[in-house]
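J.: In the numbering used here, the protein residues as written are 73 to 408.
Glycine included, each C-beta is placed from N, C-alpha and C at the ideal position.
Structure representation (structure tokens):
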């Protein structure tokens, strides 16, 4: 069932995120890696929200697995049972008449509704949440995506061979999460390209380039926040549906979360970071700006936008040519 697959994936990601957040707070309390007041507050809030969602989704999964799943394979009998229940009958009417969600989301929600046993009753918003996750994972094309996912994992494992296990042991929890994030970028870009072609909009070759210093200075430089905000807004304008915009918000947040964790490792995380970036370039057409001239030009644009927005300029030392960027440029030149 798509609903079970989607729920299991959400639970898996939330469990991993909860573990990482707990470790960050534990390291803070033990003094291993002190957080700022803002970081600690943000981490605690994220942990609370993640645990709440985890509890909700676990209960939903328990409801499904407690049912006789074998009966769900008997599609004709299930459809007949659905017709006998007013809840399902009227719920389908509600789904069709929904004015907020896209047709794709409504259709996926109705597919999920058809799979549910008659004793299971989910609220409309829960069905739409599952439908959105199903679309995000593109479960209707699961077999094709599974092949792509296996290729991503194989490439990632190859890239990790040059990483020192001792240096990245704290990042090992990301080894299974990174291929999923890369797959999400791949699916999102493919959908955007396809929809733009259908709508006869100008084609895109890939995502715009990001800058490493945005991640490096994320916690203390408002220019970094502003740069990421503008970057995120540009990509959102490339989306053609509300569904794609919501997906972009999710994959962007996951990407930032992973990049910042790796960034915190400093020099020890360079090879791991390079492996992640290499996957993103190959499958997601999502890469970093390496040309210093372009970085300087973008710096001027951001300064003008900040001045126009009447934001206070940072007084902290600012460096667009980060240590990781220098490492990456050197690696790229050596490979060429």
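Give a yes or no on whether the C-beta atoms belonging to residue 71 and residue 355 are separated by under 8 Å.
T.: No answer is possible for residue 71: it lies beyond the span of the chain, which begins at 73 and ends at 408.
J.: Out of curiosity, what's the CA-to-CA distance linking residue 168 and residue 306?
T.: Reading the chain shown from its first residue, position 96 is the one you call residue 168. Reading the chain shown from its first residue, position 234 is the one you call residue 306. Cα to Cα, residue 168 sits roughly 32 Å from residue 306.
J.: Do you know how far the Cα of residue 102 is from the Cα of residue 309?
T.: Locating residue 309 in the chain shown gives position 237, where the first residue counts as 1. Locating residue 102 in the chain shown gives position 30, where the first residue counts as 1. Computed Cα separation, rounded: 43 Å.
J.: Looking at the strands, I want to know which residues DSSP matches up with residue 360.
T.: Position 288 of the chain shown, counted from the first residue, corresponds to residue 360. Note: residue 360 sits in a beta bridge opposite 282.
J.: Alpha carbon to alpha carbon, how far is residue 223 from residue 262? Give it in angstroms, no decimals.
T.: Position 190 of the chain shown, counting from 1, holds the residue named residue 262. Position 151 of the chain shown, counting from 1, holds the residue named residue 223. Cα to Cα, residue 262 sits roughly 17 Å from residue 223.
J.: Considering only residues of the same chain and omitting the five flanking positions on each side of residue 372, which have a CB-CB separation below 7 Å?
T.: Against the chain shown, residue 372 aligns to sequence position 300. The answer is none, since no qualifying residue turns up.
J.: Candidates 283, 177, 197: which alpha carbon is nearest residue 204's?
T.: Sequence index remark: in the chain shown, residue 204 carries index 132 (1-based). The shortest Cα separation from residue 204 among 283, 177, 197 belongs to 177.
J.: Would you report the Cα separation of residue 78 and residue 135, rounded to the nearest angstrom?
T.: To locate residue 78, count along the chain shown from 1; it is residue 6. To locate residue 135, count along the chain shown from 1; it is residue 63. If I take the Cα positions, the gap works out to 14 Å.
J.: For a test of the three-state rule: what should DSSP assign to residue 341, helix, strand or coil?
T.: The residue given as residue 341 occupies position 269 in the chain shown. DSSP places residue 341 in helix when its eight states are reduced to three.
J.: Run the CB neighbour count on residue 387, radius 10 Å, all protein chains shown included, and call it buried at 16 or more, exposed below.
T.: Within the chain shown, residue 387 is the residue found at index 315, counting from 1. Because the pLDDT at residue 387 is just 47, under 50, the model does not fix this residue reliably, and the point stays unresolved.
J.: Taking the C-alpha atoms as reference points, what is the distance between residue 76 and residue 175?
T.: As a position in the chain shown, residue 76 is number 4, starting the count at 1. As a position in the chain shown, residue 175 is number 103, starting the count at 1. When rounded, the distance between both Cα atoms is 22 Å.
J.: For residue 266, count neighbouring Cβ atoms within 10 angstroms of its own Cβ and tell me buried if that reaches 16, exposed if not.
T.: For the purposes of this step, residue 266 is taken as the residue at position 194 of the chain shown. By the neighbour-count rule (16 or more Cβ atoms within 10 Å), residue 266 is not buried but exposed.
J.: To test your reading of the DSSP string, which unbroken alpha helix (DSSP H) runs of 4 or more residues are found completely within the segment 214-294?
T.: If we require 4 residues or more, the alpha helix (DSSP H) runs fully inside the segment 214-294 come out as 214-232, 249-270, 284-288.
J.: Who are the near neighbours of residue 256 in its chain, counting only those whose CB is closer than 6 Å to its CB and skipping five residues on each side?
T.: As a first step, residue 256 is located in the chain shown; it is residue number 184 there, counting from the start. Cβ within range, chain order: 323.
J.: What is the DSSP secondary structure of residue 99, counted as helix, strand or coil?
T.: Counting from one through the chain shown, the residue named residue 99 turns up at place 27. Helix.
J.: Can you grab the Cα-Cα spacing for the pair residue 311 / residue 304, in whole Å?
T.: Here residue 311 refers to the residue found at position 239 of the chain shown. Here residue 304 refers to the residue found at position 232 of the chain shown. Taking the straight line joining both Cα atoms gives about 11 Å.
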